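Participant: Dumping the structure here so I can ask a few things about it.
Protein chains in written order, with the working numbering: chain A, 1 to 389; chain B, 390 to 778.
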């Protein structure tokens with residue numbers, strides 16, 4: 001089967017990573033249905049779909065189908081699979097805030113694990129056995145040795161969010177071992193940052209960002225006063241934590257490569273790939289890079305370590321390089337510049353509240369188009385009849 | 390609170406381990422409500438409760454309340470908590486066959502993990518924060534060093550059943566960390582065998598037994614032809630696998646001790662105890678002991694190793710000895726003799742099909758009573774008004 005012609009269900013497709021993957025899928029020619037419970041994305045009442053997906057259509061010039069469905073609603077999920085035929089599912093839907101997961105473990109396990117069980121059960125019943133899964137470097141817990149390879153020990157996770165990712169991986173691995181019709185690719189993300197180069201799509205955290213880079217960006221744009229660095233006494237080159245940051249566009253590209261792989265002849269079973277750059281950067285290095293990209297000074301203070309944080313985490317991604325023919329291409333400079341463009345164009349994220357956003361966005365679109373980028377503000381290609389119910 | 394006066398909900402209380410714990414609780418003076426989905430126990434249509442629980446009442450001379458409820462039915466579970474007040478829950482309900490779990494991982498995760506999440510959610514809503522949990526030595530996977538202590542690594546489990554036990558332990562540990570009202574004791578069982586000394590209660594496997602000792606017992610009684618030993622080339626004293634067998638009555642007693650512990654002042658959080666004897670026995674040693682107890686020869690053949698089996702598994706149980714003031718008292722001889730009595734009196738388990746069971750059972754009851762045991766065939770003490778709805 002030509003991977004460009006497969007129909008894909010994307011769960012959680014309105015979120016940060018999912019929406020960028022949706023653009024790549026649409027650009028790849030795939031027919032895309034997105035389900036999302038809207039728990040972590042902006043959708044105005046008069047909009048047919050979340051703003052992130054409207055922009056995904058705008059950037060790609062292609063249409064997608066959006067359905068507001070929660071994976072915990074088994075009946076609704078079954079009805080999606082009755083209405084459409086899917087060759088493959090990309091499963092992004094999950095709660096993902098480490099701190100919140102420590103406060104509300106039952107909610108995290110129910111949402112992430114039960115949601116995934118529902119999805120797998122319905123796929124099983126529908127005869128759809130191909131899945132690309134959003135896993136995370138968090139399954140490795142506190143690394144016993146670096147760089148992390150796919151065979152590094154997993155399971156000693158340091159927080160409930162990590163527990164849900166580890167559990168869902170176990171379920172999928174067990175499922176593939178029990179039934180060889182299943183083809184599952186688990187992509188273990190390192191630290192996704194950056195935004196679409198158009199400035200139209202990026203990360204839009206609810207409230208105060210949990211992750212470093214969106215926080216830095218909000219300090220740079222003046223929304224937050226200063227950054228807190230959680231510990232500068234780690235055993236790293238400058239004492240701050242080291243992570244393997246990967247551009248969201250490289251990450252999204254990895255999903256399209258995985259889709260190609262899954263439809264190769266003789267591919268089956270449970271397969272895991274690290275998606276990272278293989279390069280670690282400290283918090284202070286990230287601040288410096290962002291200051292250079294934005295021309296802003298990022299004030300920061302050192303505070304206590306956060307429980308559950310590890311000193312260093314970066315991967316060996318040769319398996320993905322080799323088997324998926326995928327490699328992260330974007331630089332740290334790209335990550336910061338793209339993030340800064342998104343942040344400036346959308347200081348309040350997708351909602352655009354209290355902000356003369358449209359004129360700025362229009363100006364930036366023009367810049368993007370002049371550089372050779374395409375924006376399909378009107379005249380979206382509607383030549384995908386599969387979407388008509 | 391006096392642990393003898395607490396009311397206890399027992400999930401899966403009609404099963405092998407649950408029913409023996411129920412007897413101990415009734416003898417301890419506790420008010421007991423049992424829920425069970427009847428998936429792994431015998432109940433005749435005209436009986437008010439499973440046969441195992443009728444016998445638990447008979448042995449203890451106390452009444453319990455039985456409700457046919459599946460933990461996956463959240464509404465039914467909520468209604469149980471609305472009808473009764475519980476001070477503590479003992480949670481035995483789970484699917485437990487390792488081989489079957491490899492065939493049906495989704496069913497195992499749904500039943501064991503989602504069932505447990507439902508229970509914890511409903512307990513949370515009802516303000517019942519005390520739980521004693523049926524965990525298993527399986528969470529240790531293939532031991533990296535022996536004997537196993539509670540701090541030994543967990544998570545590298547070797548089958549989906551073990552995955553469900555590991556996951557539910559993680560959930561409970563995370564839950565206790567998030568909310569200090571919770572008091573949870575996880576009891577990691579080694580290999581429960583044996584039966585109630587009356588011969589009235591014991592293990593009643595569905596179909597062909599999955600575990601060694603019930604299999605041996607069925608060979609001894611003539612129901613099965615010969616035993617298959619899965620590998621005699623392990624690095625053990627006679628080449629066959631070593632396990633830490635514990636008498637079901639000792640195990641049940643551990644639960645009552647845990648109940649006492651949970652209601653001690655200042656006890657809280659997530660607490661794990663190994664329940665075993667600390668002694669490992671090989672398959673060949675178990676056969677010999679059973680032959681001595683039964684006077685029967687157990688024919689066996691050596692077959693290939695089973696995937697997922699470990700060479701040796703036995704525990705250090707000093708933590709339970711010390712903190713729960715609990716110690717396994719029964720010998721290997723007791724385990725085999727009690728098991729043989731149960732098997733002879735109930736060659737077809739609780740259903741008693743095709744078998745002149747009652748007269749034999751009556752004879753054995755007389756023997757038990759003459760030895761000083763009590764049987765309350767009539768005149769069950771109904772002085773527990775909490776059971777009246």
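Note that the Cβ used here is the ideal one computed from N, Cα and C, for glycine as well.
Keep in mind that this is a model prediction, so the values were computed, not measured.
Considering only residues of the same chain and omitting the five flanking positions on each side of residue 382/A, which have a CB-CB separation below 7 angstroms?
Facilitator: Confidence is the limiting factor: at residue 382/A the pLDDT is only 47, short of 50, which leaves the residue's position unreliable and the question unanswerable from this model.
Participant: Tell me where the alpha helix (DSSP H) around residue 129/A begins and ends.
Facilitator: Per DSSP, residue 129/A belongs to no alpha helix (DSSP H) and is neither H nor E.
Participant: In or out: residue 21/A buried (at least 16 other Cβ within 10 Å) or exposed?
Facilitator: Buried: at least 16 other Cβ atoms inside 10 Å.
Participant: Does residue 299/A pass the burial test, meaning 16 or more other C-beta atoms within 10 Å, or should it be called exposed?
Facilitator: So residue 299/A counts as exposed.
Participant: Strictly by DSSP, which residues pair up with residue 336/A?
Facilitator: DSSP output for residue 336/A lists no bridge partner at all.
Participant: Confirm, please, whether the CB-CB distance from residue 455/B to residue 463/B is below 8 angstroms.
Facilitator: Contact flag unset, no.
Participant: On a Cα-Cα basis, can you pick out the residue from 530/B, 513/B, 593/B that is closest to residue 571/B?
Facilitator: Taking only the C-alpha atoms, the option nearest residue 571/B is 513/B.
Participant: If you pair each beta-carbon of the segment 551-561 of chain B with each one of the segment 518-530 of chain B, do three or more pairs fall below 8 angstroms?
Facilitator: Cβ pair count under 8 angstroms is three or more, so yes.
Participant: Residue 392/B CB to nearest chain A CB: under 8 angstroms?
Facilitator: So, not an interface residue.
Participant: For residue 242/A, which option in 250/A, 277/A, 194/A, 252/A has the closest C-alpha, if you only look at C-alpha atoms?
Facilitator: Nearest C-alpha to residue 242/A: 277/A.
Participant: Quick check: is the beta carbon of residue 563/B nearer than 8 angstroms to any beta carbon in chain A?
Facilitator: Residue 563/B counts as touching chain A.
Participant: Please state if the CB of residue 208/A and the CB of residue 290/A are separated by a distance shorter than 8 angstroms.
Facilitator: No, the pair does not count as a contact, with Cβ atoms beyond the cut-off.
Participant: By alpha-carbon positions, which one of 12/A, 236/A, 195/A, 200/A ends up nearest to residue 55/A?
Facilitator: That would be 200/A, whose Cα lies nearest to the Cα of residue 55/A.
Participant: From 72/A, 204/A, 11/A, pick the residue whose C-alpha is nearest to that of residue 348/A; which is it?
Facilitator: When only C-alpha atoms are compared, the closest one is 204/A.
Participant: Please state the DSSP three-state secondary structure of residue 269/A.
Facilitator: If DSSP states are grouped into helix, strand and coil, residue 269/A belongs with the strands.
Participant: If you check the beta carbons only, do residue 478/B and residue 415/B fall under 8 angstroms apart?
Facilitator: Contact: no.
Participant: Mind checking residue 202/A: buried by the 16 CB within 10 Å criterion, or exposed?
Facilitator: Buried.
Participant: Rounded to whole angstroms, what is the Cα-Cα separation between residue 404/B and residue 141/A?
Facilitator: Taking the straight line joining both Cα atoms gives about 36 angstroms.
Participant: Per DSSP, residue 66/A forms a beta bridge with which residues?
Facilitator: Beta-bridge pairing links residue 66/A to 34/A.
Participant: Can you pull the chain A neighbours of residue 510/B, defined as C-beta to C-beta under 8 angstroms?
Facilitator: Those within 8 angstroms of residue 510/B in chain A are 106, 110.
Participant: On the criterion of 16 or more Cβ atoms from any shown chain inside 10 Å, does residue 480/B qualify as buried, or is it exposed?
Facilitator: That one is buried.
Participant: DSSP on residue 536/B, reduced to helix/strand/coil?
Facilitator: Residue 536/B falls in the coil class under three-state DSSP.
Participant: Pull up the distance between the alpha-carbon of residue 400/B and that of residue 501/B, whole angstroms please.
Facilitator: Looking at the two C-alpha atoms, the distance is approximately 12 angstroms.
Participant: Which residues in chain B have a C-beta closer than 9 angstroms to the C-beta of residue 158/A? List them in chain order.
Facilitator: Residues of chain B passing the Cβ test: none, with the nearest at roughly 11 angstroms.
Participant: Hey, does residue 167/A have any beta-carbon neighbour from chain B nearer than 8 angstroms?
Facilitator: It does; some Cβ of chain B falls within 8 angstroms.
Participant: Would residue 629/B be called buried (16 or more neighbouring beta carbons within 10 Å of its own) or exposed?
Facilitator: Burial call: buried.
Participant: Could you pull out every residue in the same chain whose Cβ sits closer than 7 angstroms to the Cβ of residue 108/A, ignoring the five residues on either side in sequence?
Facilitator: 95, 101, 160, 161, 164.
Participant: When the cut-off is 8 angstroms and only beta carbons count, does residue 155/A lie next to chain B?
Facilitator: Yes, because at least one Cβ of chain B sits closer than 8 angstroms to the Cβ of residue 155/A.
Participant: Kindly indicate if chain B contains any beta-carbon less than 8 angstroms away from that of residue 134/A.
Facilitator: So no, residue 134/A is outside the interface.
Participant: Residue 318/A to residue 268/A, Cα distance in whole Å?
Facilitator: If you take the alpha carbons of residue 318/A and residue 268/A, they lie about 20 angstroms apart.
Participant: Suppose the cutoff is 6 angstroms on Cβ atoms and the five residues either side in sequence are ignored; what does the same chain contact list for residue 326/A look like?
Facilitator: Cβ within range, chain order: 254, 257, 320.
Participant: Taking 8 angstroms as the cut-off, decide whether the C-beta atoms of residue 476/B and residue 390/B are in contact.
Facilitator: Yes, these two residues count as a Cβ contact at 8 angstroms.
Participant: What first and last residue would you give for the alpha helix (DSSP H) that runs through residue 1/A?
Facilitator: Here residue 1/A belongs to no alpha helix (DSSP H), and DSSP marks it neither H nor E.
Participant: Would you tell me roughly how many angstroms separate the C-alpha atoms of residue 569/B and residue 699/B, rounded to the nearest one?
Facilitator: Cα to Cα, the separation comes out at about 36 angstroms.
Participant: With a threshold of 16 other CB atoms inside 10 Å of the CB of residue 540/B, please say whether the residue is buried or exposed.
Facilitator: It is exposed - the Cβ of residue 540/B has fewer than 16 other Cβ atoms within 10 Å.
Participant: Going by C-alpha to C-alpha distance, which of 35/A, 28/A, 170/A sits closest to residue 18/A?
Facilitator: The shortest Cα separation from residue 18/A among 35/A, 28/A, 170/A belongs to 35/A.
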